[in-house]
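Q:
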Amino acid sequence: MIQRNKGLLGIRPVIEGIQLQENMSFDEKFQNITLRPVIKLQHHLLLAVFKNYIQKHKNVFSQLSLEKRMAYIENAIQKDTKFRNSVKGMIIGQFTTEEYELYIQNSSALNKRMMNLVKKRLMDSIQLFEPSPSPI
Numbered sequence: 023m024i025q026r027n028k029g030l031l032g033i034r035p036v037i038e039g040i041q042l043q044e045n046m047s048f049d050e051k052f053q054n055i056t057l058r059p060v061i062k063l064q065h066h067l068l069l070a071v072f073k074n075y076i077q078k079h080k081n082v083f084s085q086l087s088l089e090k091r092m093a094y095i096e097n098a099i100q101k102d103t104k105f106r107n108s109v110k111g112m113i114i115g116q117f118t119t120e121e122y123e124l125y126i127q128n129s130s131a132l133n134k135r136m137m138n139l140v141k142k143r144l145m146d147s148i149q150l151f152e153p154s155p156s157p158i
């Protein structure tokens with residue numbers, strides 16, 4: 023167990039500029055210490071999963087305006103329970119046991135923070151969801 027926790031912490035990216043203040047809430051500290059690095063680590067996997075989600079839903083994403091694409095991402099994260107749970111699993115699976123124990127104390131609020139971070143990452147990477155040009 024100790025080896026697993028050390029390994030997980032060892033592969034996480036360091037996020038420059040994260041400042042921890044004494045007056046921060048528990049949720050905000052957890053977000054900055056755990057959620058942000060884990061979501062950054064899982065960034066490429068999250069992109070691949072969302073690309074697959076687009077394909078499974080008949081590629082309608084590519085025909086939408088930018089505004090509707092943003093709404094599509096938000097809808098996938100907020101309303102598609104199966105997709106949301108899959109994303110949560112990819113993130114929670116990277117927690118140490120200690121982090122998981124902290125997470126379950128306030129999972130509802132932390133899930134909201136987690137999904138907002140994922141939504142922002144997907145929206146910031148929206149250009150990567152353009153369909154690939156067909157080979158000639």
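One rule links them: number in our numbering = place in the sequence shown (from 1) + 22. Glycine included, C-beta positions come from ideal geometry on N, C-alpha and C.
(1) Can you find the residues in the same chain that come closer than 7 angstroms, C-beta to C-beta, to Glu121, ignoring five residues on each side of it along the sequence?
(2) Kindly give me the distance between the Cβ atoms of Val140 and Leu68, rounded to whole angstroms, as I take these residues to be in contact under 8 angstroms.
(3) Less than 8 angstroms between the CB atoms is what I'm expecting for Ala98 and Tyr75, so what's the real figure, rounded?
(4) Would you mind reading off the limits of the alpha helix (DSSP H) that contains Lys141?
(5) Rounded to the nearest angstrom, how far is the Cβ of Ile40 from that of Ile113, given a contact under 8 angstroms?
(6) Could you give the residue range of the alpha helix (DSSP H) that holds Glu44?
(7) Would you mind reading off the limits of the alpha helix (DSSP H) that contains Asn97?
(8) Which whole runs of the alpha helix (DSSP H) in the segment 45-85 are 4 residues long or more, in chain order?
(9) Indicate whether Asp49 and Leu132 have their beta-carbon atoms separated by less than 9 angstroms.
(10) Between Thr119 and Met46, which are expected to be in contact by the criterion C-beta below 8 angstroms, what is the C-beta distance as a whole number of angstroms?
(11) Check for me: the alpha helix (DSSP H) holding Leu30 runs from which residue to which?
(12) So, at 7 angstroms on beta carbons, what are the nonlocal neighbours of Phe83 in its own chain, with the 5 sequence-adjacent residues on each side left out?
(13) Using a Cβ-Cβ cutoff of less than 7 angstroms, which residues in the same chain neighbour Phe105 once the five nearest sequence positions on both sides are dropped?
A: Considering the structure as presented:
(1) Thr56
(2) 6 angstroms
(3) 6 angstroms
(4) Annotation for Lys141: the continuous alpha helix (DSSP H) segment containing it runs Ser129 to Asp146.
(5) With a Cβ gap of about 17 angstroms, Ile40 and Ile113 do not count as contacting.
(6) No alpha helix (DSSP H) holds Glu44; DSSP gives it neither H nor E.
(7) Leu88 to Lys101
(8) 48-52, 58-63 and 65-78
(9) Less than 9 angstroms divides the Cβ of Asp49 from the Cβ of Leu132.
(10) Contact doesn't hold; Cβ gap of about 23 angstroms is too wide.
(11) Element bounds for Leu30: Ile24 to Ile33.
(12) Ile76, Arg91, Tyr94 and Phe151
(13) Tyr75 and Ala98
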